[in-house]
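Asker: Structure in structure tokens, see below.
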Amino acid sequence: MFPEIERVLITREQIESRVREMAGDLARDLTGELERDGLGPHDEDRVVLIPIMTGAMIFTADLIRQMPIKLSIGLIAVSSYPGQSVTSKGARLDGELPEELEGRHVVIIDDILDSGRTLSLVRGLIEERRPASVRVVVLLDKAARREVDVKAEYVGFEIPDAFVVGYGLDFDGYYRNHPEIAVLRDDVLPEAK
Ligand code: IMP
Ligand code: MG
-14 MFPEIERVLI
-4 TREQIESRVR
6 EMAGDLARDL
16 TGELERDGLG
26 PHDEDRVVLI
36 PIMTGAMIFT
46 ADLIRQMPIK
56 LSIGLIAVSS
66 YPGQSVTSKG
76 ARLDGELPEE
86 LEGRHVVIID
96 DILDSGRTLS
106 LVRGLIEERR
116 PASVRVVVLL
126 DKAARREVDV
136 KAEYVGFEIP
146 DAFVVGYGLD
156 FDGYYRNHPE
166 IAVLRDDVLP
176 EAK
């Protein structure tokens, strides 16, 4: 346990079993899309996963190793929480989207859906590229904080309005390596929430 952590919200075992279910659901649904295209799960490079860095790194690594279908990965980065901030300052894509999304089945992966700005921006930009389908996958959903209406087809856990870290999620760049989803002590977080 890290000294700045107050309590664990979601344990390693809970994450592991939920991620396994989500990978199963995704692989099944994508296989269904490919079947409708007249393809088998390993026939063509038709599935593109787009993880939003850096928060989705660990979630994505666990998810994809349980998805036995042909897929490629195009990482993107979005800035929204610079430095020690814990509230959204709006979202901006850093760099470019992956090439060649037209006609592909795209899966956007993020660690958490909070205000909705990040995923609304990314989903909108990707839909402009005319993919065959778009799915949004998030490990966590803080529905109480939503400011922008955006749909996530796959949600791991609904959580209350608390700032969480671990399993890829950071505060000020740290605690991503904490293996469980945890809440930081109040005195570590800035006052503005
Ligand atoms: P949104 O644009 O407000 O939905 O925020 C999404 C992004 O903010 C996520 O990709 C996370 O990087 C970050 N974020 C939101 N809530 C938390 C949290 O509780 N802990 C750590 N990062 C968070
Ligand atoms: Mg993020």
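Residue numbers (our numbering): -14 to 178. Built from N, CA and C at the ideal position, the CB exists for glycine as well.
#1: Where in the region 30 to 78 do unbroken runs of the alpha helix (DSSP H), each at least 4 residues long, occur, reported from the N-terminal end onward?
#2: Flag V149 as yes when its Cβ comes closer than 7 Å to any non-hydrogen atom of the ligand IMP, and as no otherwise.
#3: Bridge partners for R(-8) per DSSP, in chain order?
#4: Which of the three DSSP states is assigned to R115 in this structure?
#5: Using a Cβ-Cβ cutoff of less than 6 Å, which residues in the same chain neighbour V(-7) once the five nearest sequence positions on both sides are dropped?
#6: Just mark R115 as buried or exposed, buried being the case when its beta carbon has 16 or more other beta carbons within 10 Å.
#7: Give the DSSP-derived three-state secondary structure of I0 in the structure shown.
#8: Below 8 Å CB to CB, which residues in the same chain sit around K55 once its five sequence neighbours on both sides are set aside?
#9: Please classify P36 as buried or exposed, where buried requires at least 16 other C-beta atoms within 10 Å of its C-beta.
#10: Inspect the beta-carbon positions of G75 and S65 and report whether they are closer than 8 Å.
#11: Enumerate in chain order the residues of its own chain whose CB-to-CB distance from L78 is below 6 Å, with the five nearest sequence positions on each side excluded.
#12: If you run the structure through DSSP and keep just helix, strand and coil, what is L174?
#13: DSSP three-state call for V149: helix, strand or coil?
Answerer: In short, the structure shows the following:
#1: 42 to 49
#2: Here the question's residue 149 lines up with position 164 in the sequence shown. V149 Cβ: within cutoff of the ligand IMP.
#3: As a position in the sequence shown, residue -8 is number 7, starting the count at 1. According to DSSP, which records beta bridges pairwise, R(-8) is partnered with V168.
#4: Counting from 1 along the sequence shown, the entry for residue 115 is found at position 130. In this structure, R115 counts as coil in the three-state DSSP scheme.
#5: Along the sequence shown, read from residue 1 onward, the residue named residue -7 stands at position 8. Answer for V(-7): E165 and A167, listed in chain order.
#6: Locating residue 115 in the sequence shown gives position 130, where the first residue counts as 1. Burial call: exposed.
#7: Here residue 0 refers to the residue found at position 15 of the sequence shown. Here I0 sits in helix by DSSP.
#8: The residue you call residue 55 lines up with position 70 of the sequence shown. Taken in chain order, the residues that qualify are P26, H27, D28, E29, D30, R31 and V32.
#9: Taking the first residue of the sequence shown as position 1, residue 36 is located at position 51. Buried, because 16 or more other Cβ atoms sit within 10 Å of the Cβ of P36.
#10: Taking the sequence shown and counting its residues from 1, the one referred to as residue 75 is at position 90. Taking the sequence shown and counting its residues from 1, the one referred to as residue 65 is at position 80. Taking 8 Å as the Cβ cut-off, G75 and S65 qualify as a contacting pair.
#11: Along the sequence shown, read from residue 1 onward, the residue named residue 78 stands at position 93. Contacts found: V63.
#12: One-based indexing of the sequence shown puts residue 174 at position 189. In this structure, L174 counts as coil in the three-state DSSP scheme.
#13: Mapped onto the sequence shown, residue 149 falls at position 164. Three-state DSSP puts V149 in a strand.
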